[in-house]
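Residue numbers (the working numbering), protein chains in the order written: chain D, 1 to 192; chain L, 193 to 384; chain G, 385 to 576; chain A, 577 to 768.
4 protein chains.
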Amino acid sequence: MSPRTTAQFEEIRLKSREKIILAAMELFSRQTYHNTSIADIAKEAGVSKGLIYNYFDTKEDIIKGIVEYMMAMGDRIMVESRNEDDPRQELREMIRQTFAFIEEQGHITRLMVPLALEIEQFSFINEIIEEKSKYYLGRLVTVLERMGYEDAEMEAWTLGLMLDGIPLDYSILGARLPIKKLEQYLYKKYNL
Amino acid sequence: MSPRTTAQFEEIRLKSREKIILAAMELFSRQTYHNTSIADIAKEAGVSKGLIYNYFDTKEDIIKGIVEYMMAMGDRIMVESRNEDDPRQELREMIRQTFAFIEEQGHITRLMVPLALEIEQFSFINEIIEEKSKYYLGRLVTVLERMGYEDAEMEAWTLGLMLDGIPLDYSILGARLPIKKLEQYLYKKYNL
Amino acid sequence: MSPRTTAQFEEIRLKSREKIILAAMELFSRQTYHNTSIADIAKEAGVSKGLIYNYFDTKEDIIKGIVEYMMAMGDRIMVESRNEDDPRQELREMIRQTFAFIEEQGHITRLMVPLALEIEQFSFINEIIEEKSKYYLGRLVTVLERMGYEDAEMEAWTLGLMLDGIPLDYSILGARLPIKKLEQYLYKKYNL
Amino acid sequence: MSPRTTAQFEEIRLKSREKIILAAMELFSRQTYHNTSIADIAKEAGVSKGLIYNYFDTKEDIIKGIVEYMMAMGDRIMVESRNEDDPRQELREMIRQTFAFIEEQGHITRLMVPLALEIEQFSFINEIIEEKSKYYLGRLVTVLERMGYEDAEMEAWTLGLMLDGIPLDYSILGARLPIKKLEQYLYKKYNL
DNA sequence: GATGAATGAGGGTTCATTCAT
DNA sequence: AATGAATGAACCCTCATTCAT
């Protein structure tokens, strides 16, 4: 009889929001942002069209929601794995995590890369990608320096580019990309 | 007043078709496939909307036209540069051409990469990319073998992935990607 | 903890209802009936959307509520000001009250005039206006007859029309309408 | 076989545009701007919804089109009727034209007055009304001065307001407003 | 009495595509 | 070959209204 408490409402809101975000992620990665209509998302989420606008001001806003959701969910590439004593160990861990991420969360890759390219206005995605890359590159440089590389910066770039190429090729070649063997090869190549 | 010859007609047709394709390329790379309307293309090409349907059955068909056009235009990454005597020279040439292509024809890169990801129905683009990659990879393997690399296949993959990563990063970082230095570094790294 | 008495409930009801009506009046006159949503009203009234439907069956119903509210509030144009002895005095009082109303309650004017025209279904507003006008006109006729006007009815019409023209011009011209001077001029013209 | 000439296209465009404007005028005056949908207009004009956007950028733009159309159609209140010799004759003509306009083109009145009040953003309608009023008032002042009125300006205001009141009352009372008798009464009152 | 999440019809607008000329 | 008026399906979004709590 009495109205729901604020906490109850909050929980309901979170659940609905999540349903919508998950549906949107699924569809965007399956069929592209532009080929997915609000009606599609609503149906996939089992929710009315109108409700979506209770949580997102605009269709593009849903993307922002997805990114936030993913960041909150873990953002697992970035798990810290510093190793003061052994730079080799640290580099190995960085590479391992990157491959693990691509394999385990391949759909995120397949979602974000196209999104970044598909929606030009969405500079904020590019900004996130750029910032992460810069941070990642910085760490690579440090580690490679400690490993004694002379031109550590350029070597970091080649490694970084290669790791960036993986999701791209992966989204085209899928299983034909020999990920496992590549990972092993990198360990060997860098003596890890 | 004399009726135009078949050849004249054919020439007119080719000219109009080219105008449309060039306009579409320009706009797709500037503003994305989905954000470009047939009306936009018509205006950019200085042609009526109706005429476009005289040459292309559908909007997506224009993409096919673009790809064909680009292939016909020279496909310059693929210029043969075999060098039976010196594999080093051949690899150097392959790398050089790749970088040259990215720099000179950056807009094509910025056009094709998004297109490949944006339009899922367009498996044929993926197929083209895949075929080219396979060919390119094959050549890399051969060259690296001749250069004495033990695991030439995996080394070719790393190099290929890296070269694929460049356009991706380039379309995000633009001038902040140190392309020139990267090219030089690769020459040094592979002793070319 | 003791249950509220019926009277207390009734008071609460009245208070909420009034809050809603005042909010709606404010917004309708500020931004038009059609540009004001139930959500806007709820926010302005500091009340939930649901509650509004506790007091009004429909959005249009709120208008009925506003009209009733205004009538109950005093209907101040219509304050009786009969003066058996001096028709001049009576006419002067009628004119004075009209001008006073327009000046003091300008927002009501700006609310009702558009409303009457905007919402055709709302014949009842037109009916009210019509009835008031007829009554007002009747009084004018009587007064003017007593003042000796030969064609009192037509003179009453001209005066009535003029007084109707004021809110209309007022809602367009605002302060550029020389209300004060007009009032004085009318007194002079009718020798009041 | 050959494409239509520019002139032919121009004629087609004018015709379609007019069909749409006439349909919109009809519906706006019958059921209010806000209660008329683009679909309604399309149906009334016997045209597709899409075509309307070939001629008007936006729904509000149609109003601008209507106003322009009406101005181009004649704007008949404003027919010059100067009479250097006899101000009485000139005033009589002004009043006559006003009444004629209201009677003959009542739908325009019923269209524009609500429109001006319904759409607040549409300052341009208000501006037109204001400008016309100022002009009209100015002429009234001049004429009344020549007729010897002492406070010609205020007298002009009362007359102007009254003439403004007519369309307002007319849109509410319709035929119950004794227009004919009012007109005659004014002639008599002003000795025309 | 009160809340706000949820619904769904409907509105404005866009745009690929057709077709008469 | 060429034009651009015309179509209509589809899309994003708004909002009055309902209802479980």
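Where a beta carbon is used, it is the ideal one built from N, C-alpha and C, also for glycine.
C-beta contact flag for residue 678(A) and residue 746(A) at 8 Å: Here residue 678(A) is taken as the residue at index 102 of the fourth sequence, counted from 1. Here residue 746(A) is taken as the residue at index 170 of the fourth sequence, counted from 1. Taking 8 Å as the cut-off, the beta carbon of residue 678(A) is found closer than this to the beta carbon of residue 746(A).
Excluding the 5 residues preceding and the 5 following residue 307(L) in the sequence, name in chain order all residues of the same chain whose CB lies nearer than 8 Å to its CB. Counting from 1 along the second sequence, the entry for residue 307(L) is found at position 115. Excluding residues up to 5 positions away in sequence, 220, 225, 255, 314, 317 lie with their Cβ nearer than 8 Å to the Cβ of residue 307(L) in the same chain.
Starting from the C-beta of residue 129(D), find all residues in its chain whose C-beta is less than 8 Å away, skip the five residues before and the five after it, and write them out in chain order. On the first sequence, residue 129(D) is found 129 positions in, with the first residue counted as 1. Excluding its 5 nearest sequence neighbours in each direction, residue 129(D) has C-beta neighbours in its own chain below 8 Å: 112, 116, listed in chain order.
Note down the Cα distance separating residue 193(L) from residue 617(A), rounded to an integer number of angstroms. For the purposes of this step, residue 193(L) is taken as the residue at position 1 of the second sequence. For the purposes of this step, residue 617(A) is taken as the residue at position 41 of the fourth sequence. For residue 193(L), the predicted structure reports a pLDDT of 45, less than 50, and the residue's modelled location is therefore unreliable. A value from the coordinates is still provided. Computed Cα separation, rounded: 48 Å.
Name the chain L residues whose beta carbon is nearer than 7 Å to that of residue 154(D)? Residue mapping note: residue 154(D) aligns to position 154 of the first sequence, counting from 1. Residues of chain L with a Cβ closer than 7 Å to the Cβ of residue 154(D) are, in chain order, 373, 374, 377.
Please identify the residue among 684(A), 738(A), 668(A) whose C-alpha is closest to the C-alpha of residue 647(A). Here residue 647(A) is taken as the residue at index 71 of the fourth sequence, counted from 1. The option with the nearest alpha carbon to residue 647(A) is 684(A).
Candidates 178(D), 179(D), 136(D), 176(D), of which the one nearest residue 158(D) by Cα: Working through the first sequence from its first residue, we reach residue 158(D) at position 158. For the residues 178(D), 179(D), 136(D), 176(D), the minimum Cα distance to residue 158(D) belongs to 136(D).
Relative to the C-alpha of residue 403(G), which residue among 428(G), 419(G), 392(G) is closest? Within the third sequence, numbered from 1, the residue matching residue 403(G) stands at position 19. Residue 403(G) has its Cα closest to that of 428(G), out of 428(G), 419(G), 392(G).
Tell me the DSSP secondary structure of residue 385(G) in three-state form. By 1-based counting over the third sequence, the position of residue 385(G) is 1. Bear in mind that the predicted position of residue 385(G) carries a pLDDT of just 46, short of 50, making it unreliable; the figure below should be weighed with that in mind. When DSSP states are grouped into helix, strand and coil, residue 385(G) belongs to the coil group.
Closest to residue 732(A) by C-alpha separation, out of 751(A), 584(A), 753(A), 710(A), would be which residue? Locating residue 732(A) in the fourth sequence gives position 156, counting from the first residue. Scanning 751(A), 584(A), 753(A), 710(A) for the CA closest to the CA of residue 732(A) turns up 710(A).
Do you know offhand how far residue 563(G)'s Cα is from residue 408(G)'s? Residue numbering aside, residue 563(G) sits at position 179 when the third sequence is read from its first letter. Residue numbering aside, residue 408(G) sits at position 24 when the third sequence is read from its first letter. Straight-line Cα distance between these residues: approximately 28 Å.
Beta strand (DSSP E) segments (min. 3 residues) lying fully within the stretch 213-297 of chain L: Runs found: none.
Please report the straight-line C-alpha distance between residue 442(G) and residue 12(D), rounded to a whole angstrom. The residue you call residue 442(G) lines up with position 58 of the third sequence. The residue you call residue 12(D) lines up with position 12 of the first sequence. Answer to the nearest angstrom: the Cα atoms are 28 Å apart.
Can you pull the chain G residues whose beta carbon is under 7 Å from the beta carbon of residue 727(A), in chain order? For the purposes of this step, residue 727(A) is taken as residue 151 along the fourth sequence, with counting starting at 1. Going along chain G in sequence order, the residues near residue 727(A) (Cβ under 7 Å) are 569.
DSSP three-state call for residue 154(D): helix, strand or coil? Taking the first residue of the first sequence as position 1, residue 154(D) is located at position 154. Residue 154(D): helix per DSSP, three-state reduction.
Would you say residue 526(G) reaches chain A, if we count a Cβ-Cβ gap shorter than 8 Å as a contact? Along the third sequence, read from residue 1 onward, the residue named residue 526(G) stands at position 142. For residue 526(G), the answer is no, since every Cβ of chain A falls outside 8 Å of its Cβ.
Out of 213(L), 283(L), 287(L), 323(L), which one is the CA nearest neighbour of residue 338(L)? By 1-based counting over the second sequence, the position of residue 338(L) is 146. Nearest option by C-alpha distance: 283(L).
Consider the Cβ of residue 309(L): report whether some Cβ of chain D lies at a distance smaller than 8 Å. For the purposes of this step, residue 309(L) is taken as the residue at position 117 of the second sequence. Answer yes: the Cβ-Cβ gap between residue 309(L) and chain D drops below 8 Å somewhere.
Collapsed DSSP secondary structure at residue 359(L) in the structure displayed: As a first step, residue 359(L) must be located in the second sequence, where it is residue number 167. For residue 359(L), the three-state secondary structure derived from DSSP is helix.
So which residues on chain A does residue 431(G) lean against when the C-beta distance must stay under 9 Å? Residue numbering aside, residue 431(G) sits at position 47 when the third sequence is read from its first letter. Within chain A, no residue comes near residue 431(G); the closest Cβ sits about 25 Å away, beyond 9 Å.
Are the beta-carbon atoms belonging to residue 95(D) and residue 183(D) less than 8 Å from one another? Position 95 of the first sequence, counting from 1, holds the residue named residue 95(D). Position 183 of the first sequence, counting from 1, holds the residue named residue 183(D). Going by C-beta atoms, residue 95(D) is nearer than 8 Å to residue 183(D).
Along the chain, where does the alpha helix (DSSP H) containing residue 182(D) start, and where does it finish? The residue given as residue 182(D) occupies position 182 in the first sequence. 179-189 is the span of the alpha helix (DSSP H), which, as asked, contains residue 182(D).
Is the shortest distance between the beta-carbon of residue 679(A) and the beta-carbons of chain G less than 8 Å? Position 103 of the fourth sequence, counted from the first residue, corresponds to residue 679(A). Chain G contact via Cβ: absent.
Any idea if residue 752(A) is buried or exposed, counting beta-carbon neighbours within 10 angstroms, 16 or more meaning buried? Within the fourth sequence, numbered from 1, the residue matching residue 752(A) stands at position 176. So residue 752(A) ends up on the exposed side.
Please confirm whether residue 162(D) and residue 353(L) have their CB atoms less than 8 Å apart. Along the first sequence, one-based indexing puts residue 162(D) at 162. Along the second sequence, one-based indexing puts residue 353(L) at 161. The answer is yes: Cβ separation under 8 Å.
Helix, strand or coil, according to DSSP, for residue 725(A) in the structure here? Residue 725(A) sits at position 149 when you count from the first residue of the fourth sequence. Here residue 725(A) sits in coil by DSSP.
Chain-ordered residues of the stretch 156-180 of chain D with a beta carbon less than 9 Å from chain L: Within the stretch 156-180 of chain D, the qualifying residues are 157, 158, 159, 160, 161, 162, 163, 164, 165, 166, 167, 168, 169, 171, 172, 173, 176, 177, 178.
With burial defined as no fewer than 16 other Cβ atoms inside 10 Å of the residue's Cβ, what is the status of residue 743(A): buried or exposed? Taking the first residue of the fourth sequence as position 1, residue 743(A) is located at position 167. Around the beta carbon of residue 743(A), a 10 Å sphere encloses 16 or more other beta carbons of the protein chains shown; the residue is thus reported as buried.
If we count the other Cβ atoms within 10 Å of its Cβ and call it buried at 16 or more, is residue 565(G) buried or exposed? For the purposes of this step, residue 565(G) is identified with residue 181 of the third sequence, where counting begins at 1. With fewer than 16 other Cβ atoms inside 10 Å of its own Cβ, residue 565(G) counts as exposed.
Along chain L, which residues have their Cβ under 9 Å away from the Cβ of residue 44(D)? Start at 1 with the first residue of the first sequence, and residue 44(D) comes out as number 44. Per Cβ cutoff of 9 Å: no residues; residue 44(D) is ~17 Å from chain L at best.
Whole-angstrom distance between residue 766(A) and residue 730(A), CA atom to CA atom: Position 154 of the fourth sequence holds residue 730(A). Position 190 of the fourth sequence holds residue 766(A). Near 15 Å, if we compare the C-alpha coordinates of residue 766(A) and residue 730(A).
Residue 669(A) versus chain G: which residues are under 7 Å apart at the beta carbon? For the purposes of this step, residue 669(A) is taken as residue 93 along the fourth sequence, with counting starting at 1. Residues of chain G passing the Cβ test: none, with the nearest at roughly 19 Å.
Ignore the nearest five residues each way along the sequence and tell me which others in residue 118(D)'s own chain have a CB closer than 8 Å to its CB. Start at 1 with the first residue of the first sequence, and residue 118(D) comes out as number 118. Cβ-Cβ distances below 8 Å link residue 118(D) to 32, 33, 34 in the same chain, with the five nearest sequence neighbours on each side left out; the list follows chain order.
Looking only at its own chain, which residues have a Cβ that is under 8 Å from the Cβ of residue 88(D), when we skip the five neighbours before and after it? Numbered from 1 along the first sequence, position 88 holds the residue referred to as residue 88(D). Excluding sequence neighbours, residue 88(D) sits near 147, 190, 191, 192.
Quick check on the burial criterion: 16 or more other C-beta atoms within 10 angstroms. Buried or exposed for residue 434(G)? By one-based count along the third sequence, residue 434(G) stands at place 50. The residue is exposed, with fewer than 16 neighbouring Cβ atoms inside 10 Å.
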